[in-house]
Amino acid sequence: MEGIAHSRSGIAASSPSRGRRGRLVRRVILFQVKLMADGIRDVVMSPLSIAAGLLGLVSRDGSAEIYFDRLMRFGRETDHWINLFDHRSQANDTPSLDRIAEQIEEALRLDYESGGLSARSAKALAEAAARLRDKAGR
């Protein structure tokens, strides 16, 4: 299973310990993004569920639960898309937050390797950190 639990691309590091730390940082960040997406979905679905229930109560054509059932289907679909706890196999190519994160990570990696903006940003951050260490050492 890919996703948060098992990063396919990983993070390049000079030591195994640094690689594990990099993967952990990636997993924690992606988990936080997934938690945020899940929370936003829950906030949106709460009033929608009340509205679907009320619509079902006032419907006269015998389709009392159709709106609520549609909302439940939407919830299941977004649950698979968010894949919060990596419960879903990444073997298939269905869209998911994991796939989007992998695409962003790959684009940043390619940009970094070609000396693009992310490489210049990483260099600037390393230089700033070195200046801070120098000032702290004085």
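Start counting the sequence shown at 1; every next residue gets the next number (this note's numbering). Note that beta-carbon positions come from the ideal geometry of N, C-alpha and C, so glycine has one too.
Exercise for review: Within the same chain, show all residues whose beta-carbon is closer than 6 Å to that of Arg-172, passing over the 5 residues directly before and after it, in chain order.
Suggested key: What the structure shows of the chain is the stretch from 1 to 138, and residue 172 is not part of that stretch, so it cannot be assessed.
Check your understanding: In chain order, what residues of the same chain have a beta carbon less than 8 Å from the beta carbon of Phe-68, not counting five sequence neighbours either side?
Key -> Numbered from its first residue, the sequence shown carries residue 68 at position 68. Correct list, in chain order: Ser-49, Ala-52, Gly-53, Gly-56.
Exercise for review: Note down the Cα distance separating Ala-129 from Gln-32, rounded to an integer number of angstroms.
Suggested key: The count along the sequence shown starts at 1 and reaches residue 129 at position 129. The count along the sequence shown starts at 1 and reaches residue 32 at position 32. Rounded to whole angstroms, Ala-129 to Gln-32 spans 25 Å at the Cα level.
Point to revise | Through-space distance from Arg-20 to Ser-63, alpha-carbon basis | key: By 1-based counting over the sequence shown, the position of residue 63 is 63. By 1-based counting over the sequence shown, the position of residue 20 is 20. Their Cα atoms are separated by approximately 53 Å.
Review point. With 16 as the cutoff for other CB atoms within 10 Å, does Ser-59 come out buried or exposed?
Key: Start at 1 with the first residue of the sequence shown, and residue 59 comes out as number 59. Exposed: under 16 other Cβ atoms inside 10 Å.
Exercise for review: Check whether the Cβ atoms of Ala-37 and Ile-82 sit closer than 8 Å, and answer yes or no.
Suggested key: Here the question's residue 37 lines up with position 37 in the sequence shown. Here the question's residue 82 lines up with position 82 in the sequence shown. Judged by their CB atoms, Ala-37 and Ile-82 are nearer to each other than the 8 Å cut-off.
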